[in-house]
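One structure is given here, and the rest of the page talks about it.
In our numbering, the protein residues as written are 357 to 526.
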């Protein structure tokens, strides 16, 4: 049994919960896309189900390579979230005038433009805050799966060493 712990007990339990969560989200997205007829995003939800299955496979058969698809896709997602956060904060600080062109002026002049700018800034900061929260959760999930990957590499090396030792003693 693993000596490494996370919030839900042993580290492999946390990785299993993340795997099940990824599968459940992937299946629910898949059902949603099939019901609504939005076939463009079906491949992403199928990929989620496959990646979640890889985590379950890695834990059941002590194969650390099964964690790698989640770690690779998760790292890409974390980078994309971070870039989006930077973009939204930058846009909130310097609201482009092109965004104000889409709002209508009802004769209130600059007072309305200032309110619109403030509203746009608040929306951009809110989106950046939500993305930062989701990025923190993604980073935490990634760290749990990475620790399970490291632990499983140690288990695999131990198992390999035991089989070599048994072969040499026979």
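Ideal Cβ positions, reconstructed from N, Cα and C, are used throughout, including at glycine.
Helix, strand or coil for residue 393 per DSSP? Here the question's residue 393 lines up with position 37 in the chain shown. Residue 393: coil per DSSP, three-state reduction.
For my contact list, residue 430 and residue 496 are in at a C-beta cut-off of 8 Å; report their separation, rounded to the angstrom. Working through the chain shown from its first residue, we reach residue 430 at position 74. Working through the chain shown from its first residue, we reach residue 496 at position 140. In fact, because the Cβ distance is near 11 Å, the residues do not count as touching under 8 Å.
Whole angstroms are fine: how far does the CA of residue 411 sit from the CA of residue 385? Here residue 385 refers to the residue found at position 29 of the chain shown. Here residue 411 refers to the residue found at position 55 of the chain shown. Rounded to whole angstroms, the gap between the alpha carbons of residue 385 and residue 411 is 19 Å.
Taking 8 Å as the threshold, find out whether the stretch 433-449 comes into contact with the stretch 397-414 through three or more Cβ pairs. No, the stretch 433-449 is not in contact with the stretch 397-414.
According to DSSP, is residue 416 part of a helix, a strand, or is it coil? In the chain shown, the residue the question calls residue 416 occupies position 60. It is helical.
Classification of residue 470 by the beta-carbon crowding that lies within 10 angstroms, buried from 16 upward: The count along the chain shown starts at 1 and reaches residue 470 at position 114. Counting the other Cβ atoms within 10 Å of the Cβ of residue 470 gives fewer than 16, which makes it exposed.
Going by CA-CA distance only, name the one from 472, 479 and 428 that's closest to residue 446. Within the chain shown, residue 446 is the residue found at index 90, counting from 1. Per the Cα distances, 479.
Any idea what DSSP makes of residue 431, helix, strand or coil? One-based indexing of the chain shown puts residue 431 at position 75. In this structure, residue 431 counts as helix in the three-state DSSP scheme.
So residue 427 and residue 501 are in contact, right, with Cβ under 8 Å, and what is the actual spacing, rounded? Sequence index remark: in the chain shown, residue 427 carries index 71 (1-based). Sequence index remark: in the chain shown, residue 501 carries index 145 (1-based). The beta-carbon separation of residue 427 and residue 501, rounded to 6 Å, stays under the 8 Å limit for a contact.
Where does residue 370 land, buried or exposed, given buried means 16+ other C-beta within 10 angstroms? Against the chain shown, residue 370 aligns to sequence position 14. Counting of Cβ neighbours within 10 angstroms places residue 370 among the buried residues, the total reaching 16 or more.
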